[in-house]
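Per this note's numbering, residue 32 is the first one in the sequence shown, and the count goes up by one each step. A short write-up of the structure that comes next.
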Amino acid sequence: MKNLHPIIDDSRPKVYIETYGCQMNVNDSEVILSILQDDGYALTEDISKADVILANTCSIRDNAEQRIWGRIEQFRQQKNRRPGVLVGITGCMAERLKDKLLDSRAVDIVAGPDSYRSLPELIRSASPDSPQMNVLLSHEETYADITPVRMDKNGVSAYISIMRGCNNVCSYCIVPYTRGVERSRDPRTIVREAAELFENGYREVNLLGQNVDSYHWKDPENADRDVDFAQLLEMVAKISPDLRVRFSTSHPKDISDEVIYVMAMYENICKHIHLPVQSGSDAMLEKMRRKYTREWYLDRVRKIRSVMPDCGLTTDIIAGFCGESEQDHKDTLSLMEEAAFDSAFMFQYSERPGTLAAKKYPDDVPPEVKTARLNEIIALQNRLSRESNEKDVGKTFKVLVEGVSRRNSGELFGRASNNKVCVFPAEGCKTGDYAVVKVLSCTSATLISRIV
Ligand code: SAH
Ligand code: SF4
Ligand code: F3S
Numbered sequence: 032m033k034n035l036h037p038i039i040d041d042s043r044p045k046v047y048i049e050t051y052g053c054q055m056n057v058n059d060s061e062v063i064l065s066i067l068q069d070d071g072y073a074l075t076e077d078i079s080k081a082d083v084i085l086a087n088t089c090s091i092r093d094n095a096e097q098r099i100w101g102r103i104e105q106f107r108q109q110k111n112r113r114p115g116v117l118v119g120i121t122g123c124m125a126e127r128l129k130d131k132l133l134d135s136r137a138v139d140i141v142a143g144p145d146s147y148r149s150l151p152e153l154i155r156s157a158s159p160d161s162p163q164m165n166v167l168l169s170h171e172e173t174y175a176d177i178t179p180v181r182m183d184k185n186g187v188s189a190y191i192s193i194m195r196g197c198n199n200v201c202s203y204c205i206v207p208y209t210r211g212v213e214r215s216r217d218p219r220t221i222v223r224e225a226a227e228l229f230e231n232g233y234r235e236v237n238l239l240g241q242n243v244d245s246y247h248w249k250d251p252e253n254a255d256r257d258v259d260f261a262q263l264l265e266m267v268a269k270i271s272p273d274l275r276v277r278f279s280t281s282h283p284k285d286i287s288d289e290v291i292y293v294m295a296m297y298e299n300i301c302k303h304i305h306l307p308v309q310s311g312s313d314a315m316l317e318k319m320r321r322k323y324t325r326e327w328y329l330d331r332v333r334k335i336r337s338v339m340p341d342c343g344l345t346t347d348i349i350a351g352f353c354g355e356s357e358q359d360h361k362d363t364l365s366l367m368e369e370a371a372f373d374s375a376f377m378f379q380y381s382e383r384p385g386t387l388a389a390k391k392y393p394d395d396v397p398p399e400v401k402t403a404r405l406n407e408i409i410a411l412q413n414r415l416s417r418e419s420n421e422k423d424v425g426k427t428f429k430v431l432v433e434g435v436s437r438r439n440s441g442e443l444f445g446r447a448s449n450n451k452v453c454v455f456p457a458e459g460c461k462t463g464d465y466a467v468v469k470v471l472s473c474t475s476a477t478l479i480s481r482i483v
């Protein structure tokens with residue numbers, strides 16, 4: 032069986048990898064490490080020992096990119112101190128800003144999300160006088176045959192990418208430009224990877240895609256054997272009742288009743304759906320090209336809650352999209368109350384060059400108004416999260432222990448099926464165990480519990 036873990040070996044050349052952005056990028060870094068380990072590299076967590084420094088980057092908002100430009104300046108110091116060190120930029124920013132990155136003269140290698148197989152070759156050919164780049168996007172690449180080298184510390188929970196790219200054209204979003212068209216990975220390789228993780232002690236897999244509900248694998252020989260997302264979920268859930276299955280992200284326009292029923296049928300498919308709404312205003316949803324209305328969204332929420340009353344529901348929200356009025360903003364607040372989200376990722380709109388929104392709509396909500404609206408959204412979500420957690424006080428949950436609490440070494444933390452974090456005294460339990468806990472009290476972020 033392939034080694035799932037980083038090789039520690041001082042005699043090998045060393046790569047240092049920094050990861051930004053979404054869970055998919057975290058998993059991509061594990062694919063990159065796998066490819067480089069096969070080429071003779073070992074991982075180092077000490078940048079000053081690295082022969083190759085890689086930053087796996089994100090372009091989703093301007094501030095994500097600004098952070099990476101700052102890091103590139105710091106990498107330049109490493110290069111000045113130790114001539115011969117190579118700096119590579121991978122991920123979405125590599126795809127979007129290829130030439131600009133090479134022009135900066137601080138970067139030796141630029142590799143887009145579909146060209147990681149060529150990294151060994153790029154590294155071999157690169158030098159400060161001859162920077163190397165591969166940013167070709169693919170219609171087929173899913174890295175299905177590559178076993179990611181797991182960089183997580185706990186050995187309990189792992190990501191599995193089930194698809195790449197995105198065929199939606201949400202008008203604000205850069206992802207379709209940086210990740211290319213959507214393609215689904217052969218389900219047999221997904222099940223094999225999940226089973227191998229389970230045999231190696233992992234107890235949770237998180238199936239990743241930009242829009243998992245449009246997962247569709249076409250069997251090249253027999254169309255009757257096509258696999259959709261509901262079927263894939265079931266295949267992974269059947270590996271073992273002790274292997275938890277999570278997934279993200281669901282798209283409100285695509286999440287099917289079948290997916291909801293399969294979730295309900297299997298105890299080990301976690302009862303949590305991340306369902307980004309973006310806005311509560313129909314006018315904004317239309318301009319965002321999300322292809323659903325407020326009512327459609329709320330109807331999906333009602334369906335989920337009617338089949339799985341205890342299902343956790345989380346979301347993403349954008350404040351201050353083009354032309355957003357005070358009333359549009361209030362519609363977002365009222366939708367949040369109606370949906371009663373358990374938690375949310377909340378952002379100010381950031382215009383991305385080249386997107387439909389950037390071409391068609393002026394970014395006309397003043398920065399201070401964006402900030403004020405975002406703050407209002409965050410304050411409301413804090414209240415909703417606290418209220419949701421208060422409802423769980425007194426309940427018991429089965430949690431998968433993920434590690435030792437950062438605040439108190441005698442305490443463990445883990446997640447309930449609904450994705451809420453529970454903290455509790457260890458009482459002989461350890462990482463990777465399942466524990467049944469009772470909730471004693473809560474904050475807006477945590478359920479304070481004890482083992483029963
Ligand atoms: N594929 C996922 C989300 C990917 S990006 C989905 O469709 O839900 C994660 C989140 O970043 C999005 O849900 C959105 O809320 C936010 N986001 C994307 N583009 C943005 C932009 N230009 N400005 C601000 N937030 C953005
Ligand atoms: Fe971006 Fe929309 Fe695709 Fe999500 S579904 S990655 S928001 S284009
Ligand atoms: Fe960022 Fe690319 Fe993910 S833009 S959020 S790293 S898909």
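All C-beta atoms, glycine included, are put in the ideal place defined by N, C-alpha and C. Owing to the predicted nature of the structure, the values given are computational and were not obtained by experimental measurement.
A residue is called buried once 16 or more other Cβ atoms fall within 10 Å of its Cβ, and threonine 363 is buried on that count.
In the DSSP assignment, the residues bridged to tryptophan 248 are Val258. Taking the Cβ of cysteine 89 as the reference point, at least one heavy atom of the ligand F3S falls within a distance shorter than 7 Å. Per DSSP, the continuous beta strand (DSSP E) segment holding asparagine 237 begins and ends at 235-239. Alanine 410 carries a helical assignment under DSSP once its states are collapsed to helix, strand and coil. Closer than 7 Å to some heavy atom of the ligand SF4: that describes the Cβ of histidine 282. Assigned with DSSP and collapsed to three states, threonine 474 falls in coil, not helix or strand. The three-state reading of DSSP puts cysteine 453 in strand, counting E and B together. Residue pairing by DSSP places serine 480 opposite Val470 in a beta bridge. DSSP links tyrosine 47 through a beta bridge to Ile84.
CA-to-CA, the gap between asparagine 199 and glutamate 355 works out to about 22 Å. Selection Arg219, Thr173, Met294 evaluated against serine 337 yields Met294 as nearest (Cα-Cα). At a threshold of 7 Å, tyrosine 323 does not count as near the ligand SAH, since its beta carbon sits no closer than that to any of the ligand's heavy atoms. Secondary structure note for methionine 319: its alpha helix (DSSP H) is the uninterrupted segment 313-319.
Residue Ala175 holds the alpha-carbon nearest to the alpha-carbon of aspartate 217 among Ala175, Pro207, Ile63. The beta-carbon separation of phenylalanine 352 and tyrosine 208, rounded to 18 Å, does not stay under the 8 Å limit for a contact. Here the alpha carbons of arginine 417 and aspartate 373 stand approximately 8 Å from one another.
Residue environment analysis places glycine 196 among the buried positions, since at least 16 neighbouring C-beta atoms fall within 10 angstroms of its C-beta.
Counting other Cβ atoms within 10 Å of its Cβ, asparagine 420 reaches 16 or more and is therefore classed as buried.
Three or more Cβ pairs closer than 8 Å define a contact, and the segment 95-106 falls short of that threshold against the segment 56-75. Residue burial is scored here from C-beta neighbours: histidine 170 has fewer than 16 other C-beta atoms within 10 angstroms and is therefore classed as exposed.
For the pair of segments examined, the segment 81-99 was found to touch the segment 43-55: the number of CB pairs separated by less than 8 Å reaches three. When distances are taken from the beta-carbon of isoleucine 482 to the heavy atoms of the ligand F3S, even the shortest one reaches 7 Å or more.
Glycine 441 places its beta carbon less than 8 Å from that of alanine 457. Here lysine 284 carries a coil assignment [DSSP, helix/strand/coil]. Where glutamine 108 is concerned, the enclosing alpha helix (DSSP H) starts and stops at 93-112. In the structure shown, threonine 462 adopts coil according to DSSP, grouped into three states.
The beta carbons of aspartate 250 and phenylalanine 260 sit no closer together than 8 Å. For aspartate 347, the enclosing beta strand (DSSP E) stretches over residues 343-350.
For arginine 219, the Cβ stays outside the 7 Å cut-off from all heavy atoms of the ligand SAH. With 16 or more other Cβ atoms from the protein chains shown falling within 10 Å of its own Cβ, valine 180 counts as buried. According to DSSP, residue pairing for histidine 170 in a beta bridge does not occur. Taking non-hydrogen atoms of the ligand F3S into account, the C-beta of asparagine 56 is found less than 7 Å away from one of them. 8 Å or more divides the Cβ of threonine 346 from the Cβ of glutamine 379.
A contact is defined here as three or more CB-CB pairs under 8 Å, and the segment 324-335 fails this definition with respect to the segment 472-480. Taking a cut-off of 8 Å for Cβ pairs, the segment 217-233 and the segment 261-279 touch, as three or more such pairs fall below it.
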